[in-house]
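Peer 1:
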Amino acid sequence: MECGECTLCCTLCAVEDIGKAAGDECIHCSDKCDIYEERPQGCRDFNCAYVQMDQVNTAMRPDHCGAVFEKMTDTKVLGMLDPDRDTYPHVEKQVELFKAAGYEVVMTRNGNVTWQ
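Put into structure tokens, the structure is as follows:
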């Protein structure tokens, strides 16, 4: 999969290298990353679960479902919820799929754990 027009990670993820807090819009992101080739290491290290999946419903693209999932380890997934959205119907299903596959899932909103 590819990011396409999705830039939700540019808002939901914290990037210590440039002092960006989780939930803050990145100053380098307009409709795409303006510094992609020179992006900070924190951005380069980001491991979007959607992009890694071979077959996934496009409803799970982060900007469509309102959550970004990152595979932190072989057994742990971090989910970051878009604070501007109230419902996450596809997100709950995806969390269950991760858990059924043996992953521990931690969900956050603006850097604060909301549920596991």
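Heads up: the sequence shown begins at 1 in my numbering, then just goes up one per residue.
All residues carry an ideal CB built from backbone N, CA and C; glycine is no exception.
This one's a predicted model, so the numbers in the text were calculated from it and none came from an experiment.
Say the cut is 8 Å; is the CB of K20 nearer than that to a heavy atom of the ligand FAD?
Peer 2: The ligand FAD is not part of this structure, which contains no ligands at all.
Peer 1: Does DSSP put T75 in a helix, in a strand, or in coil?
Peer 2: In this structure, T75 counts as coil in the three-state DSSP scheme.
Peer 1: Would you mind giving the Cβ-Cβ distance between L66 and L81, rounded to the nearest angstrom? I have them listed as a contact below 8 Å.
Peer 2: Just to set this straight, residue 66 is Gly in the shown sequence, not Leu. Rounded, the Cβ-Cβ distance is 7 Å, consistent with contact.
Peer 1: Taking three-plus beta-carbon pairs below 8 Å as touching, is the segment 19-27 in contact with the segment 4-11?
Peer 2: Output reads yes: the segment 4-11 touches the segment 19-27.
Peer 1: Which parts of the segment 13-60 are runs of the alpha helix (DSSP H), unbroken and 4 residues or longer, counting only runs that do not cross its ends?
Peer 2: Listed in chain order, they are 41-45 and 49-52.
Peer 1: Closer than 6 Å by C-beta to I35: which residues in its own chain qualify, once you throw out the five before and the five after it? Chain order, please.
Peer 2: Excluding sequence neighbours, I35 sits near H28.
Peer 1: To the nearest angstrom, how far is it from the Cα of C33 to the Cα of E96?
Peer 2: Cα to Cα, the separation comes out at about 31 Å.
Peer 1: Note the first and the last residue of the continuous alpha helix (DSSP H) segment covering E96.
Peer 2: Unbroken alpha helix (DSSP H) run through E96: P89 to A100.
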